[in-house]
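Numbering (full-length UniProt numbering), first residue to last: 1 to 666.
The beta-carbon is built from N, C-alpha and C at its ideal position, and this holds for glycine as well.
One structure is given here, and the rest of the page talks about it.
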C-alpha cells in the first residue's frame with residue numbers, strides 16, 4: 001500500500017498567485033497481486049460518483065479591496081470584488097459545487113455570507129467517498145484519493161449535507177484577517193433562484209462588497225414560464241456618502257445614521273431627471289433592451305435600512321420567483337422590496353420607442369417632501385429609442401397614510417404549488433399546514449435602548465453580543481461558557497441586557513416564529529440555512545387567535561420577510577439542518593446594535609456526527625482557540641478569475657489509470 005497527503009500551497013508566478021495541489025510524501029509498496037474484483041469495485045465507485053451525474057465545480061478567485069469612487073458625486077471608499085462594484089454575479093446551476101477563494105485586501109477583518117444558499121454536499125457524494133474508502137483497502141491506488149478530492153471536497157473523511165461552516169457569520173466563522181485568504185466551498189444543493197452575497201461584518205455592506213447569485217434550473221426540470229430573451233441582475237439600495245467606518249462610529253456614539261444621501265441602482269447614482277435635485281456629472285445605470293423581447297429582472301435590495309418601491313415606467317412586471325420559490329404569477333406596476341429581499345420578474349418590451357423609460361427605486365413609508373433626494377433613477381433604453389427620458393417620474397403608491405397597501409401586496413405573493421423548482425415534484429407537495437408545531441418563539445424587537453451606557457437593539461430584551469470564539473467552533477472543541485441555551489420563548493418583563501443567548505432548536509422539529517415589530521420602521525428578518533413559510537402578517541399584537549388567519553396552503557417559502565411597524569409576521573420552518581443558524585434583522589444599523597440570535601440544531605442521536613459535515617481543514621481559529629491558528633503570510637493583490645470544471649472529462653483519465661492498473665497488476 002502507499003501513503004500520501006494533500007497540501008494546499010500558495011505560489012507566486014509572474015505577480016499572480018495561483019492555487020495548486022502538491023502531492024508530497026508519496027511511497028508505494030506494490031502488491032504482488034491485485035484482485036480483479038477490486039478493480040471492478042473501483043470502476044463502480046467512479047461510475048456512481050455524482051460528478052458523472054453532471055455536477056461540475058465552479059471556481060472563483062476574488063480579491064476584496066477598496067477603490068475610490070463617487071457614485072453620488074462625492075469621493076469615498078467603496079468595497080469591490082476583484083475591482084468590480086457591484087461584485088460579479090455567481091452564475092451556477094442546481095447541485096453545482098462552488099469554490100470561492102477570497103483574498104482580504106481590506107484593512108479590517110472580513111467574512112462573506114451567502115444569502116440562503118443551501119450549504120451542503122450531495123448524499124450520492126457521500127456514497128462515492130464511502131465506496132472509495134472501501135476500495136482503497138483493496139486496491140490502494142492513488143486514484144481513490146484523487147476521486148474523493150474531486151467529488152467530496154478538500155477535506156478528509158466522509159462529508160455530509162448539513163454544513164454551517166461556510167455560512168460566513170460570526171457565530172460559525174472566525175473572520176479572515178487583513179492580507180489573508182480563505183476558501184469557501186459549498187454545493188447549491190436543491191436550490192434555484194435569485195440570491196446575493198455580501199460582507200457580514202462591521203457595516204461593510206454599506207459601502208459595497210455585494211454581488212448576485214443566480215442558481216439556474218437543471219435542464220431536466222421544467223420552468224413555469226418561457227425562456228426569457230435575457231437575464232438582468234439589478235441591485236438597489238440606500239446609500240450614504242460617509243464611509244462605513246464613520247457610520248459605525250456614529251452608532252457606537254449612540255447616534256442614528258440619519259437620512260440616506262441617495263439610492264444607488266447597480267452601484268450608480270440617479271439619472272438627471274431633475275436639474276435641481278440631481279447634480280450634473282453623476283454616472284447612472286442604463287439597461288439596453290430590444291423591442292418585443294422579454295427579460296428576467298432579478299432585483300435585490302442590498303441597502304442599509306430603507307424599504308424601496310421598484311417600478312419601470314409604463315411597463316408591467318410579472319412576478320415569477322422570490323428567493324428560490326416560484327410564485328403565483330401576477331403583474332405589478334410597482335413592487336415594494338425591503339432590505340435584504342430578492343425578486344425576479346419578467347418584463348416584456350412592448351412599448352413604443354418614442355423615448356427611453358425611467359427605472360425608479362424610491363424610499364417607502366417616509367415623508368416624500370423631505371426625502372426628495374433619496375431616489376434611484378436608471379434608464380431603460382430600447383435599441384430603436386428616439387430620445388431621452390424626460391418629464392416626471394412614474395408615481396409611487398399613494399399610501400403614506402394607508403398602512404394596508406404594502407401589507408396586502410406582500411400577502412398576495414404566494415407559492416406556485418403546481419410548479420417544480422429544483423426537483424420535478426411540485427412545490428406544494430410539502431404540506432406544511434398539516435405538520436404539528438413543536439416549538440414556538442415570539443421574537444419582539446423594540447426601539448433602541450441604553451444598556452450599560454451604550455445604545456443597543458434587542459430581541460426579547462436581549463442584545464446579542466458576539467463572542468470572540470464562534471459558537472460552532474466552541475461546540476466542536478467543547479469550550480464551555482461561550483454561550484447559553486436560555487433564550488426566552490417570549491418577551492419577558494425584565495430590564496434589557498447584553499448576552500450570548502442561543503435558541504435551542506429541536507432537530508427535525510417544526511418551529512413557529514412570530515416576529516413582533518414594536519419599532520417605528522419596517523424591519524426585515526432573515527434566517528440563514530433555511531427557507532421558511534410566511535404564513536401570516538397583520539397589525540397589532542400577535543395572539544394565539546392570530547393563527548386562525550394563517551395561510552396553510554400556499555404561503556411563500558423564502559428566507560427574508562418584512563415586519564411592518566406595529567405589526568407581526570409569522571413563519572414556519574422545518575429544522576432539518578444541523579448547525580448554528582443566524583436569525584437576524586437585515587437592517588444594518590439595528591443588526592450592528594444587537595438585533596439577532598442563533599438557533600442551535602443538534603441531532604442528539606448522532607454520536608458519530610453523520611448529520612453534519614466535518615469541520616473544514618482550513619478552518620480559522622480565534623478567541624479561546626487562537627493558539628491553534630497557524631500564521632499566514634499576507635499576500636499581494638489577487639487577479640480575478642473564475643472557471644467551471646466538469647467531472648465528465650475525468651472519465652477518460654480514470655479509464656486510462658484503471659487500464660494501466662489492470663496491466664501492471666494482472
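Inter-residue distance for residue 561 and residue 342 is about 10 Å (C-alpha atoms, whole angstroms).
Per the DSSP secondary-structure output, residue 568 pairs in a beta bridge with 516, 538. Scanning the region 403–435 from its first residue to its last, the whole alpha helix (DSSP H) runs of 4-plus residues come out as 404–411. When C-beta atoms of the region 283–292 are compared with those of the region 204–224, fewer than three pairs fall below 8 Å, so the two segments do not count as touching. Rounded to whole angstroms, the separation of the alpha carbons of residue 242 and residue 321 is 34 Å.
The C-alpha of residue 257 lies about 12 Å from the C-alpha of residue 306. According to the DSSP assignment, residue 172 belongs to no beta strand (DSSP E), since it is labelled neither H nor E. Taking 7 Å as the cut-off, the beta carbon of residue 334 is found no closer than this to the beta carbon of residue 237. In chain order, 438, 439, 575 place their CB closer than 7 Å to the CB of residue 509, counting only its own chain and leaving out the 5 sequence neighbours on each side. For residue 298, the enclosing beta strand (DSSP E) stretches over residues 294–301.
Put simply, the backbone Cα of residue 536 is about 50 Å away from that of residue 631. Here residue 290 has 383 as same chain residues with Cβ atoms under 6 Å from its own Cβ, once five neighbours each way along the sequence are excluded. Residues 414, 416 of the same chain have their beta carbon placed closer than 6 Å to that of residue 328, with the five preceding and five following residues left out of the count.
Residue 177 sits close to residue 109, with the two beta carbons spaced by under 7 Å. Taking the Cα of residue 447 as reference, the smallest distance to any Cα among 397, 403, 566, 281 is reached at 566. Minimum Cα-Cα distance from residue 339 among the listed residues 357, 308, 351 corresponds to 308.
Contact check for residue 451 against residue 465 fails: the beta carbons are separated by 7 Å or more.
Secondary structure note for residue 381: it is in no alpha helix (DSSP H), and the uninterrupted beta strand (DSSP E) holding it is 375–382.
A Cβ-Cβ separation of about 7 Å places residue 503 in contact with residue 600 under the 8 Å criterion.
Here residue 207 carries a helix assignment [DSSP, helix/strand/coil]. Within the same chain, and ignoring the five residues on either side of residue 501 in sequence, the residues whose Cβ sits closer than 6 Å to its Cβ are 462, 484, 486, 487. Burial state of residue 82 is buried, judged by a 10 Å Cβ sphere holding 16 or more other Cβ atoms. One thing to note: residue 515 has its Cβ within 7 Å of the Cβ of residue 525. Residue 80 is bridged by DSSP to 65. Contact between the region 357–365 and the region 389–409 is present: 3 or more CB-CB pairs across the two stretches fall below 8 Å. Residue state for residue 247 is assigned as helix, using DSSP reduced to three classes. Between the C-alpha atoms of residue 230 and residue 191 there is a straight-line separation of about 21 Å.
Only exposed fits residue 453, as fewer than 16 other CB atoms lie within 10 angstroms of its CB. Residue environment analysis places residue 512 among the buried positions, since at least 16 neighbouring C-beta atoms fall within 10 angstroms of its C-beta. In terms of Cα proximity to residue 610, the closest of 586, 206, 577 is 577. Following the DSSP letters along the chain, one finds residue 182 inside the beta strand (DSSP E) bounded by residues 181–188. Between residue 496 and the set 381, 456, 470, 532, the nearest pair of CA atoms involves 456. Two segments are said to touch when three or more pairs of C-beta atoms, one from each, lie closer than 8 Å; by this definition the region 546–558 touches the region 420–437. Remark: C-beta atoms of residue 224 and residue 296 do not approach each other more closely than 7 Å.
The continuous beta strand (DSSP E) containing residue 308 extends over residues 308–312.
By the beta-carbon neighbour count (other beta carbons within 10 angstroms, threshold 16), residue 189 is buried.
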